[in-house]
Amino acid sequence: MASATETTPLLHSKKKPYSIFTPRQKRLIILTSAIASSFSPLSANIYYPALNALAADLHVSSAHINLTITTYMMTQALSPTFTTSFADTSGRRPAYVLCFTIYIAANIRLALQHSYPALLILRALQSTGISGTVALASAVAADIITPAERGVYLGFTSMGNILAPALGPVLGGVICEYAGWRGVFLFLAVSAAVVGVGMGMRFPETCRRVVGNGSGSCASSSPSFGDSEKTRTTFDPLSSLRILFHRPTALLLLSNALVFASYYAVMAGIPSLFKEMYGLSELGIGLVFIPAGLGSLASSMLNGVLVDWNYRRVRSHFERIRGEGDLLGGEESLKPEMEVGIDEETAFPIERARLQIGGPMTFLCTIPLLLYAILLPKTPPLSICLVLIFLIAFTITTSYNVMNIFLVDLYYRTPASAMATNNLVRCLFGAASTALVEPCIHRFGVKATYAVAAGVVSLVCCPLLGTVYVVGARWRVEREKRRERKWLKDGMEGKGKRAE
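Numbered according to the UniProt record's numbering, the sequence shown terminates at residue 500, and the numbering increases by one at each position without gaps.
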């Protein structure tokens, strides 16, 4: 019996095309979903230049205004768990329509509000509406892109999500200068309306549970154990939270969150540090974020090619020795695994295919972080700082993108829920990092603060990924065996009840 799996069919059947969409259609779908996903981080970062004006107009302190940032990030972490569960059961397009409807309405009200409580509530509503689009973009890519191509396409999927934090402050500063803080929310409402209406009218449904490979059938060549019409259509917002307790996934999520928390720490410290050290204006500080955007862009363009190349290399090696050796650990254990019912797809070592790139890139993150910690207190030439910011963004984005691809591989049937879980952990750690970086800099200094960030990446994240690389495949196989036993048990109980 073929082992069913929640993971992607890593060596998918050649009898039926993985997706009926043409390469041109795939690129357009990916581009559209990437644009949609950019609104969530854009809304968070375009807001920063408006903080002082909002505090003055609403007659509250900066601390109160900063609370609206915390509220936004907390909602950004939690709400995708509901949005993506809906998307995995009802489809991507209805989820996009729901997200943009809430988001546009919230932005219109934000532009018209006149009180601090309204600002606080509406910012949470704004985040509730749009934050799910980040996970949806990765889910759409998983729907239509095979694992062999996933590196390139998921890199471009995340491009909007990565570029927006760097470009948002610049755009927000320009809008605030000429149209005031209300202009920021009106800009977001109008631009979101253009994208949202277009997606509602023209964006094709891609969810494989709804339309299969796009042909309209949800049949699969490798259905999951226990899949039924009921399980395919049940709305389960807690499905994302259960992923946190899967052994390999928990380690992966923690590593990913810590790596990205170090990125948040660098970005959050730039405004105050660079204003104090170099006397930059608000617009000048906004321009400092451009190297981060360029580093992320370069990573998205180059990383995917490297990841896809390594996938093809590992797959070719696997196909040559699958009947003789072991890619799950040890020289002779692959054959015994296959003899007890583990099929070829489950045996494929996706951990090696992804972490052979992601692991080294995670370690490389520590080098520019450590140099940043050492050089910044000495007030080096601004150009050196900009180069280091570029390298930090490049290495962290590369590591982050590889881990996202890996998560989609592991949870192919529910990619939106998997990415929502990733978003939950990442945003919570990011919120903590953003809140702590300024107090830590004032208490311990720039050097100690960012040296600790580099140390966490090298001494915590790298061992976590090493553990997944060594034993993650074994854990995954054991989990598939448990799923198979449960499916067989449920099937026998169902037959017994029908016989009665």
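Note that the Cβ used here is the ideal one computed from N, Cα and C, for glycine as well.
Nearest neighbour of residue i, chosen from the options [CA to CA]
i           : options            : result
residue 295 : 248, 389, 263      : 389
residue 60  : 117, 410, 41       : 117
residue 110 : 98, 96, 101, 125   : 125
residue 135 : 122, 182, 94, 87   : 87
residue 106 : 74, 312, 43, 176   : 43
residue 422 : 190, 245, 70, 94   : 245
residue 201 : 352, 193, 471      : 193
residue 210 : 436, 188, 413      : 413
residue 308 : 360, 148, 268      : 148
residue 513 : 427, 451, 265      : Because the chain in this structure spans residues 1 to 500, residue 513 falls outside the shown range and cannot be described.
residue 463 : 306, 254, 376      : 254
residue 156 : 445, 479, 123, 38  : 38
residue 466 : 47, 363, 312, 32   : 363
residue 456 : 265, 377, 443, 375 : 265
residue 458 : 359, 286, 283      : 359
residue 451 : 379, 262, 49       : 262
residue 386 : 316, 285, 314, 312 : 285
residue 30  : 316, 204, 442      : 204
residue 70  : 83, 90, 191, 48    : 48
residue 470 : 243, 404, 353, 146 : 353
residue 198 : 94, 108, 404       : 94
Closer than 9 Å to chain B by CB, residue i
i           : result
residue 373 : Absent from the structure: chain B. Only one protein chain is present.
Integer-rounded CB distance, given that residue j should sit under 8 Å from residue i
i           : j           : result
residue 408 : residue 418 : 7 Å
residue 310 : residue 18  : Rounded, the Cβ-Cβ distance is 20 Å, inconsistent with contact.
residue 348 : residue 394 : Not confirmed; about 29 Å, so no contact.
residue 119 : residue 68  : 6 Å
residue 115 : residue 186 : About 18 Å; that fails the 8 Å criterion.
residue 100 : residue 168 : At roughly 18 Å, the Cβ-Cβ gap does not stay under 8 Å, so residue 100 and residue 168 are not in contact.
residue 449 : residue 461 : Contact flag wrong, Cβ pair sits at about 17 Å.
residue 406 : residue 252 : 7 Å
residue 96  : residue 189 : Contact doesn't hold; Cβ gap of about 16 Å is too wide.
residue 46  : residue 171 : 6 Å
residue 445 : residue 377 : 7 Å
residue 75  : residue 127 : 4 Å
residue 243 : residue 306 : About 27 Å; that fails the 8 Å criterion.
Beta-carbon proximity list for residue i, same chain, < 8 Å, skipping 5 on both sides
i           : result
residue 78  : 424
residue 498 : Any reading at residue 498 must be qualified, since the residue scores a pLDDT of 48, below 50, and its modelled position is unreliable; the value itself is stated next. Hits under 8 Å: none found.
residue 218 : Confidence in residue 218 is poor, its pLDDT being 48 and thus under 50, which makes the residue's placement unreliable; the coordinate value appears in the next sentence. Taken in chain order, the residues that qualify are 208, 209, 210, 211, 212, 232.
residue 66  : 51
residue 113 : 119, 122
Own chain residues within Cβ distance below 7 Å of residue i, not counting five before or after
i           : result
residue 454 : 366, 369, 370, 373
residue 481 : none
residue 400 : 256, 259, 260
residue 468 : 248, 251, 252, 351, 355
residue 175 : 183, 184, 187
residue 227 : The predicted model places residue 227 with a pLDDT of 38, which falls under 50 and marks its position as unreliable, so this point remains unresolved.
residue 415 : 138, 139, 142, 408
residue 382 : 278
residue 361 : 395, 398, 399, 402
residue 384 : 375
residue 173 : 49, 282, 283, 286
Own chain partners of residue i with C-beta closer than 6 Å, once the 5 adjacent residues on each side are dropped
i           : result
residue 292 : 166, 389, 393
residue 288 : 270, 274
residue 206 : 92, 140, 143, 144
residue 1   : Only weak support exists for where residue 1 lies, its pLDDT of 38 falling under 50; the value from the coordinates is given anyway. Correct list: empty, nothing qualifies.
residue 268 : 434, 437
residue 64  : none
Closer than 8 Å: residue i CB and nearest the ligand PLP heavy atom
i           : result
residue 476 : In the structure on display, the ligand PLP does not appear, and there are no ligands present to speak of.
Taking contact to mean at least 3 C-beta pairs separated by less than 8 Å, is the segment 133-149 in contact with the segment 255-264?
no
Using 8 Å as the cut-off, can you tell me whether the segment 67-87 makes contact with the segment 123-138, which would need three or more C-beta pairs spanning the two stretches below that distance?
yes
I'd like to know if the segment 470-482 and the segment 297-304 are in contact, where contact means that at least 3 CB-CB pairs between them fall below 8 Å.
no
Quick check: the segment 144-153 against the segment 427-434, are at least 3 beta-carbon pairs closer than 8 Å?
no
Contact the segment 173-183 vs the segment 48-55: 3+ CB pairs below 8 Å
yes
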